Amino acid sequence: MTILKKNIKFFITFFILCGLSFHSNFVYAASSVSNGKDEASLYKSGKKLVLRAKKLEKKDKIEKAKKLYLKAYDKFEKAYAKDKKNADILNYLGYTLRKTGNFEKAEIYYLKGLELDSGHLGINEYLGELYVQTGRIELAKERLQVLVGCKCEEYEELKELIEEKKDLY
0 MTILKKNIKF FITFFILCGL SFHSNFVYAA SSVSNGKDEA SLYKSGKKLV
50 LRAKKLEKKD KIEKAKKLYL KAYDKFEKAY AKDKKNADIL NYLGYTLRKT
100 GNFEKAEIYY LKGLELDSGH LGINEYLGEL YVQTGRIELA KERLQVLVGC
150 KCEEYEELKE LIEEKKDLY
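Under numbering that gives the first Met the number 0, residues 0 to 168 are what the sequence shown spells out, in order.
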């Protein structure tokens, strides 16, 4: 009878441990999925704020737009903390900072983004725009050269901006 009791104790212990293991794996898997969703939702809500800020800019509500850009920056910063290998997040970090006048820090994010994806259309365009804004036309032209042949609006917009401003510098 004692062998039977030992076997029963063994099986009960075994099943309890298996159940705990399953539960902890399930909880871990669920939390890692929610972290991915959290990062994606931060990114999406940041993009929505950027779109709203752009609309305000078009209506010449610059101060209100800057406030939204800063809120968007906070979202992208949190998303970046969770995903350091996402060039799109770095692009938006640079973009929101550039729109609020922090050119130095914006340039740092754009350059980090180019380290991850040297052909990123948005980063190349926006970094070129930053160079135009800061009077570095030759560097802007380098960004334009990266975009040559893409048949994209990023190339056309940067080219137009350079042509508008080249006589000023």
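Don't be surprised by glycine CBs; every beta carbon is placed ideally from N, CA and C. It should be emphasised that the depicted structure is a prediction, and the values quoted were computed from it without experimental measurement.
With fewer than three CB-CB distances shorter than 8 Å, the segment 78–91 does not count as touching the segment 55–65. Where Gly127 is concerned, the enclosing alpha helix (DSSP H) starts and stops at 120–132.
Put simply, the backbone Cα of Gly134 is about 10 Å away from that of Gly127. Along the segment 72–120, the alpha helix (DSSP H) occurs as fully enclosed runs of 4 or more residues at 86–98, 102–115, listed in sequence order.
Straight-line spacing of the CA atoms in Lys164 and Lys111 works out to 26 Å. Per DSSP, Val145 is one residue of the alpha helix (DSSP H) stretching across 136–146.
Counting along the chain, the unbroken alpha helix (DSSP H) around Lys164 starts and ends at 152–164.
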